[in-house]
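Presented below is the structure to which this report refers.
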Amino acid sequence: LTNIRHQLKSLKNIEYYTDGSLANQTIDNNDLLHRADNTTVDLEAAFYTSNELGEFSVYSYLSLWPSSTRAEIVAIFLALLTPENSNVTIYTDSLGAIDSINLAFNSTTRTWLKKTNNLIIIKIIILIREASINLKLVKIKGHSGIIGNDIADKLAKKGRCGNNLFRNNVDFINNILSYFP
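When we follow the working numbering, the leftmost residue of the sequence shown carries the number 134, and every step to the right adds one.
Here's what the structure looks like:
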């Protein structure tokens, strides 16, 4: 991500396609009563951008609190780690992710702190402010032949095979609170 950020720092307008993936995989079990004990969830996130400097992408898998909206929000967060002093347009097929981020900007802190995924959304707000990003989120239809979105979708599915783990731990409270949804 640091390398991508360095390469993109001269761009004033950047477009990203983001995608998250949530897939249930069931391990075969002869005892049907305990099938739920053998269900695992794969959760991945990715972004893709193509511009005059080249093509750039990142994909990751996530741990804890599986949710398709969470995967989409993490994909947006990963994309926002790379630009600075830029106008950023992010195309996503998740209206839930767009609404969650917009709610944080358009409501009181008390209201959005009660919402799920609030820690990652706090990180997004901090990134936008500290990196001087002018963000525009655009809803697109998934699996509709939009090339950038199709690439982001394939990258997100690659996340389960990679070794890039996105952890959303809170590690500055002396282990009183280890994780935050």
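C-beta: ideal position from N, C-alpha, C; glycine also.
Proximity test, residue i beta-carbon vs the ligand PLP heavy atom, cut-off 7 Å
{"i": "residue 245", "result": "Looking for the ligand PLP in the displayed structure turns up nothing, as the structure carries no ligands at all."}
Local Cβ density within 10 Å of residue i, reported as buried at 16 or more and exposed below that
{"i": "residue 282", "result": "buried"}
{"i": "residue 136", "result": "exposed"}
{"i": "residue 271", "result": "exposed"}
{"i": "residue 225", "result": "buried"}
{"i": "residue 188", "result": "exposed"}
{"i": "residue 250", "result": "buried"}
{"i": "residue 243", "result": "exposed"}
{"i": "residue 177", "result": "buried"}
Those residues which DSSP pairs with residue i across a bridge
{"i": "residue 180", "result": "151, 191"}
{"i": "residue 270", "result": "223"}
Continuous beta strand (DSSP E) stretch holding residue i: start and end
{"i": "residue 135", "result": "Looking at the DSSP string, residue 135 is not in any beta strand (DSSP E); the run it does join, the alpha helix (DSSP H), is 135–141."}
Alpha helix (DSSP H) segment containing residue i, residue limits
{"i": "residue 290", "result": "280–291"}
{"i": "residue 185", "result": "Here residue 185 belongs to no alpha helix (DSSP H), and DSSP marks it neither H nor E."}
{"i": "residue 213", "result": "201–213"}
Among the options, nearest to residue i - alpha-carbon criterion
{"i": "residue 289", "options": "153, 138, 142, 134", "result": "153"}
{"i": "residue 238", "options": "189, 138, 262", "result": "262"}
{"i": "residue 193", "options": "280, 179, 185, 203", "result": "179"}
{"i": "residue 257", "options": "280, 276, 231, 275", "result": "231"}
{"i": "residue 213", "options": "255, 280, 279, 276", "result": "255"}
{"i": "residue 97", "options": "209, 279, 266, 141", "result": "Residue 97 lies beyond the stretch modelled for the chain, which goes from 134 to 314, so this question has no answer here."}
Secondary structure, beta strand (DSSP E): runs of 3+ residues fully inside the segment 215–259: 219–225
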